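Trainee:
Residue numbers (the working numbering), protein chains in the order written: chain S, 1 to 115; chain P, 1001 to 1112.
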């Protein structure tokens, strides 16, 4: 089954404790992206990757890192999480490169709470 | 940052009503317009991706039109059903390849 898998689904942690949210897709998609969803603000793009070893900042990259060493994986790293990073996070992937006319496939989301 | 606006913010209709909502985006440097349906406690699901001015796409009772010259897209739902209740998101690309900007969505509630 074609899917985007995020882990963990839920996480409660404390300020400053490094964490990684994994994202994996099995559709051989070139493009992958991370979003955060906050009430009243909608989905905002954090980082995206056009292909292996190619990553770029979205609209809200501060406090996050990403890597794309393999085509299927695109982990989101919070080196020193802070309470303002408490949010619902989505990973997505699509075929084609930038400005693609292909739809994005979303993972199930990761709810992060940082105390 | 490119601004993608959606209106109305929320909409309450009765079962059987037809409804429509709007997505506005800057018309310059247009590449593609995405529509997604997002049910509570689930993840967004793609409805349409539209690229050509005047394009019209349809999936069952849902259809969408695109005007790239004036920078807007309409989403129509004919004969709304309770299962259509969801938030409908549109998105367009920003200045950089891969930078997809979402609107804040229109939340539709359909009463039986």
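All C-beta atoms in this analysis are idealised placements derived from N, C-alpha and C, irrespective of residue type, glycine included.
These figures come from a predicted structure and were not determined experimentally.
Note down, in chain order, every chain P residue with its Cβ under 7 Å from the Cβ of residue 101 (chain S).
Mentor: Result: 1032, 1049, 1051.
Trainee: Just the C-alpha distance for residue 2 (chain S) and residue 105 (chain S), rounded to the nearest angstrom, thanks.
Mentor: For residue 2 (chain S) and residue 105 (chain S), the distance between alpha carbons rounds to 9 Å.
Trainee: Answer yes if the segment 17-28 of chain S comes into contact with the segment 44-54 of chain S, meaning at least three C-beta pairs across the two stretches below 8 Å, and no otherwise.
Mentor: Not touching, per the Cβ criterion.
Trainee: Compile a chain-ordered list of the residues in the segment 3-37 of chain S whose CB is closer than 8 Å to at least one CB of chain P.
Mentor: Listed by position, the residues of the segment 3-37 of chain S near chain P (Cβ gap below 8 Å) are 31, 33, 35.
Trainee: Note the first and the last residue of the continuous beta strand (DSSP E) segment covering residue 6 (chain S).
Mentor: That run of the beta strand (DSSP E) goes 4-7.
Trainee: Can you find a CB in chain P that lies within less than 9 Å of the CB of residue 87 (chain S)?
Mentor: No, residue 87 (chain S) lies away from the interface with chain P (no Cβ there is under 9 Å from its Cβ).
Trainee: For residue 82 (chain S), count the other beta carbons within 10 Å of its own beta carbon; 16 or more makes it buried, fewer makes it exposed. Which is it?
Mentor: With fewer than 16 Cβ atoms within 10 Å of its Cβ, residue 82 (chain S) is classed as exposed.
Trainee: Name the DSSP bridge partner or partners of residue 1014 (chain P)?
Mentor: In the DSSP output, where bridge partners are listed per residue, residue 1014 (chain P) has P:1111.
Trainee: Residue 1079 (chain P) and residue 1016 (chain P): beta carbons closer than 9 Å?
Mentor: A contact, by the Cβ cut-off of 9 Å.
Trainee: Which of helix, strand or coil does DSSP assign to residue 84 (chain S)?
Mentor: Residue state, collapsed to three classes: helix.
Trainee: What are the boundary residues of the beta strand (DSSP E) that includes residue 1048 (chain P)?
Mentor: Element bounds for residue 1048 (chain P): 1045-1050.
Trainee: Looking at the C-beta of residue 1025 (chain P), does it have a partner C-beta in chain S at a distance below 9 Å?
Mentor: Taking Cβ atoms only, chain S never reaches closer than 9 Å to residue 1025 (chain P), which makes this a no.
Trainee: Report the option in P:1100, P:1077, P:1084 whose CA atom is closest to the CA atom of residue 1030 (chain P).
Mentor: The shortest C-alpha separation from residue 1030 (chain P) is found at P:1100.
Trainee: In chain order, what residues of the same chain lie with their CB nearer than 8 Å to the CB of residue 96 (chain S), ignoring the 5 residues before and after it?
Mentor: Here the set comprises 30, 31, 102.
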